[in-house]
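Contents: one structure, followed by commentary.
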Amino acid sequence: MKNEGKNGHWFSPLQLHVIPHIGKLPIEKLTDNIIRNVLAPLWHEKADTERKALNRINIFLKYATDLGLDVDLQACMKARALLGKPPATSKNIPTMPWQEVPAFINT
Numbered sequence: 005m006k007n008e009g010k011n012g013h014w015f016s017p018l019q020l021h022v023i024p025h026i027g028k029l030p031i032e033k034l035t036d037n038i039i040r041n042v043l044a045p046l047w048h049e050k051a052d053t054e055r056k057a058l059n060r061i062n063i064f065l066k067y068a069t070d071l072g073l074d075v076d077l078q079a080c081m082k083a084r085a086l087l088g089k090p091p092a093t094s095k096n097i098p099t100m101p102w103q104e105v106p107a108f109i110n111t
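Residue numbers for the sequence shown follow the numbering used here, beginning at 5 and rising by one.
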């Protein structure tokens, strides 16, 4: 991977949130329930980070299949269903009355 995936950031979701919990578990024993249990504590607080970790796990599962290992390729999809939908985060954008727009543009 070029530049270690933005200087190693590609691997950091796994390094911080997954490997400390299941780093020594053989990939053949990785199940949807194990993935859910690892990601659940932060799924609703850091959904984007956990989503990235889930995607990275899925990449490793696909690679393990390419190597001929017996893994559950559906484990990540099932874990995502078990975790549920993360809450939508909305951000209010400040607005101004339309009458003030011309003066704002001229400044």
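Heads up, the beta-carbon is just placed ideally off N, CA and C, and yes, glycines get one too.
Of the residues assessed, ALA57 falls on the buried side of the cut-off, its CB having 16 or more other CB atoms within 10 angstroms. A distance below 8 Å between beta-carbons, with the five flanking residues on each side excluded, links ARG55 to the following residues of its chain, in chain order: PRO90.
Note that the stretch 57–73 does not touch the stretch 89–109; fewer than 3 beta-carbon pairs, one per stretch, sit closer than 8 Å. Under the 10 Å beta carbon count, HIS48 is surrounded by fewer than 16 other beta carbons and is classified as exposed. Going by C-alpha positions, GLY72 is about 22 Å away from LYS82.
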